[in-house]
Structure formats: structure tokens, C-alpha cells
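> Sharing a structure here in C-alpha cells format.
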Ligand SMILES: [Zn+2]
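Residue numbers (the working numbering): -18 to 405.
Listed below in C-alpha cells is the structure:
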């Protein structure tokens, strides 16, 4: 199974928005840009909402039928490891093997010696086409990279082989992710990680490193954009080199676990992939859920009341809701509006505070991040929430589709400025 050159990971926490998401991708196809949809949902999201991986397949298949989608689509077992993979085996055909937790564990003497031995030929200066200065592969760098990453890759091999054994055949896509590591990986470290992956014979099609800077959920990039741009280009060059020299799959590409909405990086990422003719997988987080809340609020009446209730309850349960996301949200409580204030808001006020429009003075990234992690509250509302999801269909679907097409697909895959998704 071979993943298309461009693909987009579209989380859909409650499983209602597959068709609206797919329509955004169909619109890109009509513009001549083929992007494969990948429905990703992590074990963490399943546990918090109370769904199982099979539910994602059911929702995806319904969306595919509703939109008469005839091209490929994928179901991503997002951030799985040996302890969580089994439930995803049957419904999924894309596996994001997350080995960040295994970084730094000792790989054992024999495995270490054998890897160091195989890498000895790269010691000294390695000239990688596309990177100006040669990579300086010192003994120390090689030893440190091995110490840090070899065990993690061996673990990825164990997980890959478990999936391959159960899936029987070449009917799935493999990604290895280390994006939830504590430190970003340098291009030289990526070099050794890919070398180790090739030695484990994991046929990865996408690799998700941790990039420099902050990739918080649902808000823009925080960090040094120029440094990111350099690193991104160097990573592309390292991947190209690894494909040619380590025998990894020809279409291996970078996977950006963006946490969604890294709008300020999109122009440079677009330029870099165009210049090098590289592919790209963009994984977005569950911000479709935020568009659902926007659609509820925009609908007024009970929809707005439910949206407000989600905020009021999330505010009261701040610590509990943020806990699973501590490393990927940064909410300043002092910047959060008081619940009694929000209770008096109009539809427009609520929408303006939540929608990711950085030009809007009322946009509040703290409010947005809290709602982002507040989906547990909505899950607990049960019927009251899902009834309103059905009743406010039109406003929700409009926001879901526009968000994906205008804010993500246009700038990232097509190099165009967002036409300004509706500010109604
Ligand atoms: Zn990730």
C-alpha cells in the first residue's frame, strides 16, 4: 500500500464530520490537487470520549459513501505502541508507531556495537545534497545519537512486526513518530534514526520528528521561524539521502504533527516541498471539534447555550482537562474570560473569541485552547450534545469544510492565501 504524495490527517473526535471534511478535500481535487484523507484518532481520544477504533472506520465509510469518494482514504492508529496497538489492528490501515517514550533507554551491548559498527563509514564529514555545510559526524555525535535513539527504533521494529504479522501483507502504511520527545531532533540525529529504521527493515512511508519550537494544540507556531525553515529543509535533504543510501521506501516523506493551525509556517513549508518536489503528510489535531463548537455557537438558541455550557464546565474542570495535554497546551488562566461573562455573550462574541482568526481583536488563544481540551465535557453531555450536533448541521459543516480548505489546504498544499474563511 502506497500513500499519496500529499496527505492530511483529519481528526474527527465525535465522528459526525467526515463528510464535511471530505468535501474540503474534494474541493482541492477539483482544483487539481490530490490529497489523501487520513482519519486519525489516538488511544487517548478514544479513552476520553468512550469510542473504539472501529467507530472511526464506520464514520469514515459513511463519509466516503455520502461524498461518493472513490480515491484512497486511510484510518490512522495514531500514536500507538505495543500496549495499545491491538484494538486498532483490524479497522486501521495506517499506523503511527510512537516510540518517544523509549528514547534514551539502553539498547544493549550487542545491538549498540553492531549499529556503531555499521555507522562507522559515515564518520567524519558527510556531504548531503541540499545541505550547505557537511554534517560533522563525530564519534561523540554517533555515540550520543545511538544512546538516545537506537532502543526506540528497535521498539518501533517490534511494533511494526506485530502489526505486519497480524495484518498479513502489505496492506497498511507505517509511520514512525518521535514528535512527543522532550527535545527536537537535529538533522544529524534524524540521519541516524533513519539509518536504524532501515536496518530494522521497517518500510516507513512517513516520519514525524520533533521540530524546533512549540507546536501547541490549536494555535499558531511559537518559536524561531527561520530556524524552523532551515531545519525543515535540512530534514528534507536528509530524507532524500536516506532513501537513496539506506534503501528506505522511495516516497518516504515528512509527517508534521502540527497540533493544528501552524499557519505562520505554511508558506515556507509549501515553498520547501515545491522546490524539492517532496511529499508531505500534515497531521492536524482535533480542531474539527472546535469548528463544531463554533457552529453550535453560531446557530444561536440551544446551540449557543450548549457551547457556553461546554466552556463553563471546562473552566470549572481546568486542571483535570488540561492534565493529559500538559506539554501541548499553554493556557494563562488570567486571560480566560469568567464564565458569568461568557454566559452573557452573543453568538458573534463567542465565535469571534474561539475562531482562529489572528486578525480579529477578540480572538482569545487561551479560550480556544481550553475548549480544545474540553471535549470530555461534551462527551459527558451525551445526547444533549449530539442532538445539537445534528440540529446545527448546516452551520457546523460549513465551518468544518471552510476551516480545512481555506486555512490549511490552500496555504499549505496550494501556496495560496486563505481567501478569508467566513467571519460571520
Ligand atoms: Zn504527534
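Note that the Cβ used here is the ideal one computed from N, Cα and C, for glycine as well.
If you're wondering where the values come from, they're calculated on a predicted model, not measured in any experiment.
Would you give the residue range spanned by the alpha helix (DSSP H) that residue 118 belongs to?
Here residue 118 refers to the residue found at position 137 of the chain shown. Where residue 118 is concerned, there is no enclosing alpha helix (DSSP H), although the beta strand (DSSP E) it sits in stretches over 116 to 118.
> Which residues have a Cβ closer than 5 Å to any heavy atom of ligand 2, listed in chain order?
This structure lacks ligand 2; its bound ligands are ligand 1.
> CB-CB under 6 Å to residue 198, same chain, minus the five flanking residues each way: which ones, in chain order?
Position 217 of the chain shown, counted from the start, is the residue given in the question as residue 198. Here the set comprises 240, 266, 309, 310, 353.
> Taking the alpha helix (DSSP H) that residue 154 falls in, what are its first and last residues?
Taking the chain shown and counting its residues from 1, one reaches residue 154 at position 173. Per DSSP, residue 154 belongs to no alpha helix (DSSP H); it is in the beta strand (DSSP E), 154 to 158.
> What's the gap between the Cα of residue 290 and the Cα of residue 238?
Within the chain shown, the letter at position 309 stands for residue 290. Within the chain shown, the letter at position 257 stands for residue 238. Using only the alpha carbons, I get a separation of about 30 Å.
> Rounded to whole angstroms, what's the CA-CA distance from residue 345 to residue 333? Just pull it up for me.
Working through the chain shown from its first residue, we reach residue 345 at position 364. Working through the chain shown from its first residue, we reach residue 333 at position 352. In a straight line, the C-alpha of residue 345 is about 8 Å away from that of residue 333.
> Once DSSP output is grouped into helix, strand and coil, what is the label at residue 264?
Taking the chain shown and counting its residues from 1, the one referred to as residue 264 is at position 283. DSSP places residue 264 in strand when its eight states are reduced to three.
> Under the DSSP definition of a beta bridge, which residues are partnered with residue 105?
Taking the chain shown and counting its residues from 1, the one referred to as residue 105 is at position 124. In the DSSP output, where bridge partners are listed per residue, residue 105 has 118.
> Pull the bridge partners of residue 57 from the DSSP assignment, please.
The residue given as residue 57 occupies position 76 in the chain shown. The partner list for residue 57 (beta bridge, DSSP) reads 21, 75.
> Run through DSSP, which three-state label would residue 404 get?
Numbered from 1 along the chain shown, position 423 holds the residue referred to as residue 404. Low local confidence applies: a pLDDT of 47 at residue 404 is under 50, so the model's placement there is unreliable, and no value is given.
> Between residue 242 and residue 337, which are expected to be in contact by the criterion C-beta below 8 Å, what is the C-beta distance as a whole number of angstroms?
Taking the chain shown and counting its residues from 1, the one referred to as residue 242 is at position 261. Taking the chain shown and counting its residues from 1, the one referred to as residue 337 is at position 356. Right, the Cβ-Cβ distance comes to about 5 Å (below 8 Å), so this counts as a contact.
> How about residue 18 and residue 54: do their beta carbons lie closer than 8 Å?
In the chain shown, the residue the question calls residue 18 occupies position 37. In the chain shown, the residue the question calls residue 54 occupies position 73. Yes. Within cutoff.
> Answer yes if the stretch 253 to 266 comes into contact with the stretch 310 to 330, meaning at least three C-beta pairs across the two stretches below 8 Å, and no otherwise.
Output reads no: the stretch 253 to 266 does not touch the stretch 310 to 330.
> For residue 193, I'd like the list of residues in its chain whose CB is within less than 8 Å of its CB, leaving aside the five on either flank, ordered along the chain.
Taking the first residue of the chain shown as 1, we reach residue 193 at position 212. Result list for residue 193: 165, 204, 205, 208, 209, 212, in chain order.
> If you compare alpha carbons, which of 233, 328, 245 is closest to residue 339?
Here residue 339 corresponds to residue number 358 of the chain shown, with the count starting at 1. Residue 245 is the option with its Cα nearest to residue 339.
> Exposed or buried, residue 113, counting other C-beta atoms within 10 Å across all chains shown (16 or more means buried)?
Within the chain shown, residue 113 is the residue found at index 132, counting from 1. So residue 113 ends up on the exposed side.
> Have a look at 370, 397, 385 and flag the residue whose alpha-carbon is nearest the alpha-carbon of residue 277.
Stepping through the chain shown from its first residue, residue 277 is reached at position 296. Out of 370, 397, 385, 370 has the C-alpha closest to the C-alpha of residue 277.
> Mapping DSSP to helix, strand and coil, what is residue 396?
One-based indexing of the chain shown puts residue 396 at position 415. Coil.
> Within a Cβ cutoff of 6 Å, which residues of the same chain sit near residue 373, ignoring the five residues on either side of it in sequence?
As a first step, residue 373 is located in the chain shown; it is residue number 392 there, counting from the start. Only 276, 277, 280, 284 meet the Cβ criterion.
> Which same chain residues end up closer than 8 Å to residue 42 when comparing Cβ atoms and leaving out the 5 residues on each side of it in sequence?
Numbered from 1 along the chain shown, position 61 holds the residue referred to as residue 42. So no residue of the chain qualifies.
> Go ahead and label residue 102 buried or exposed: buried means 16 or more other beta carbons lie within 10 angstroms of its beta carbon, across all protein chains shown.
Counted from its first residue, the chain shown places residue 102 at position 121. Exposed is the call here.
> Please check the pair residue 2 and residue 377, which I expect to be a contact at CB under 8 Å, by giving their CB distance rounded to whole angstroms.
Along the chain shown, read from residue 1 onward, the residue named residue 2 stands at position 21. Along the chain shown, read from residue 1 onward, the residue named residue 377 stands at position 396. In fact, because the Cβ distance is near 11 Å, the residues do not count as touching under 8 Å.
> Just verifying my parser: in three-state terms, what is the DSSP assignment at residue -1?
Position 18 of the chain shown, counted from the start, is the residue given in the question as residue -1. DSSP places residue -1 in helix when its eight states are reduced to three.
> Contact between the stretch 131 to 144 and the stretch 74 to 93: three or more CB pairs below 8 Å?
A contact exists between the stretch 131 to 144 and the stretch 74 to 93.
> Short of 8 Å in beta carbon distance, which residues of its chain neighbour residue 30, apart from the five on each side in sequence? Order them along the chain.
Here residue 30 refers to the residue found at position 49 when the chain shown is read from its first residue. Correct list, in chain order: -6, -5, 356, 357, 360.
> Can you tell me which of the three DSSP states residue 368 falls into?
Position 387 of the chain shown, counted from the first residue, corresponds to residue 368. Residue 368: helix per DSSP, three-state reduction.
> How long is the line joining the alpha carbons of residue 394 and residue 326, rounded to whole angstroms?
Position 413 of the chain shown holds residue 394. Position 345 of the chain shown holds residue 326. Cα-Cα distance, rounded: 36 Å.
> Under 6 Å Cβ to Cβ from residue 111, same chain only, skipping five residues before and after it: list those, please.
Here the question's residue 111 lines up with position 130 in the chain shown. The residues are 218.
> Would you tell me roughly how many angstroms separate the C-alpha atoms of residue 186 and residue 121, rounded to the nearest one?
Taking the chain shown and counting its residues from 1, one reaches residue 186 at position 205. Taking the chain shown and counting its residues from 1, one reaches residue 121 at position 140. Each residue's alpha carbon lies about 29 Å from the other.
> The alpha helix (DSSP H) that contains residue 236, what's its start and end?
Here residue 236 is taken as the residue at index 255 of the chain shown, counted from 1. First-last for residue 236: 234 to 238, but that is the beta strand (DSSP E), not the alpha helix (DSSP H).
> Starting from residue 189, follow its DSSP beta bridges and name the residues at the other end.
The residue labelled residue 189 in the question sits at position 208 within the chain shown. Its beta-bridge partners are 158.
> Between which two residues does the beta strand (DSSP E) containing residue 254 stretch?
Position 273 of the chain shown, counting from 1, holds the residue named residue 254. Premise fails: residue 254 lies in the alpha helix (DSSP H), 247 to 257, not in any beta strand (DSSP E).
> Among residues of its own chain, excluding the 5 on either side of residue 388, which ones have a beta-carbon nearer than 8 Å to its beta-carbon?
Here residue 388 is taken as the residue at index 407 of the chain shown, counted from 1. 242, 244, 337, 399, 402.
> With a 10 Å radius around its C-beta and 16 neighbouring C-beta atoms as the bar for buried, classify residue 319 as buried or exposed.
In the chain shown, residue 319 corresponds to position 338, counting from 1. Classification of residue 319: exposed, given that the 10 Å Cβ count is below 16.
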